[in-house]
Every structure is written in C-alpha cells, then in structure tokens.
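Structure first, then comments.
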Amino acid sequence: MQVIVFREEGNKLQALLQEWLGYIPDVKIHKMSQSETGTQVTLTIFYTGTMRRPEAAQG
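Quick note on numbering: numbering that gives the first Met the number 0 labels position 59 of the sequence shown as 58, and the sequence is numbered without any gaps.
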C-alpha cells in the first residue's frame with residue numbers, strides 16, 4: 000500500500016482525488032472525509048474488479 004500526502008486546500012484536493020480515481024477502472028470512492036484543518040483527506044475506496052496479475056506481454 001502506498002500513502003501519498005498532499006498539501007492542498009481540502010476541497011481542491013478532494014476534487015483532484017475524485018478526478019484521478021476516475022481514471023482507474025473498477026475503483027469506486029465509498030467515503031471521503033477531511034480533517035478540520037483541511038490538510039488531510041481520508042478515503043475509503045472499493046475495488047470491484049478481479050485481483051489477478053496482468054498477463055505477461057507476448058513478445
């Protein structure tokens with residue numbers, strides 16, 4: 000798991016995260032909350048796809 004910390008305004012950060020996660024197939028945001036200072040956003044996301052490794056490229 001990778002944790003990335005952003006220093007952004009809370010609302011702007013939430014919008015960015017929603018946009019970025021929109022590019023990932025099978026990932027849905029379940030819950031999003033931010034700290035009172037707006038410097039930290041906590042996400043709960045669901046992955047609805049299958050958990051398998053990509054096939055090796057044929058070359």
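Just so it is clear, CB atoms sit at the ideal spot from N, CA and C, and this is done for glycine as well.
So what does DSSP say about Q33, is it helix, strand or coil?
-> strand
Identify which residue in K30, Q17 and P24 has its Cα closest to the Cα of M50.
-> P24
Hey, how far is the Cα of L42 from the Cα of L15?
-> 13 Å
Distance, Cα to Cα, R52 vs Y46?
-> 15 Å
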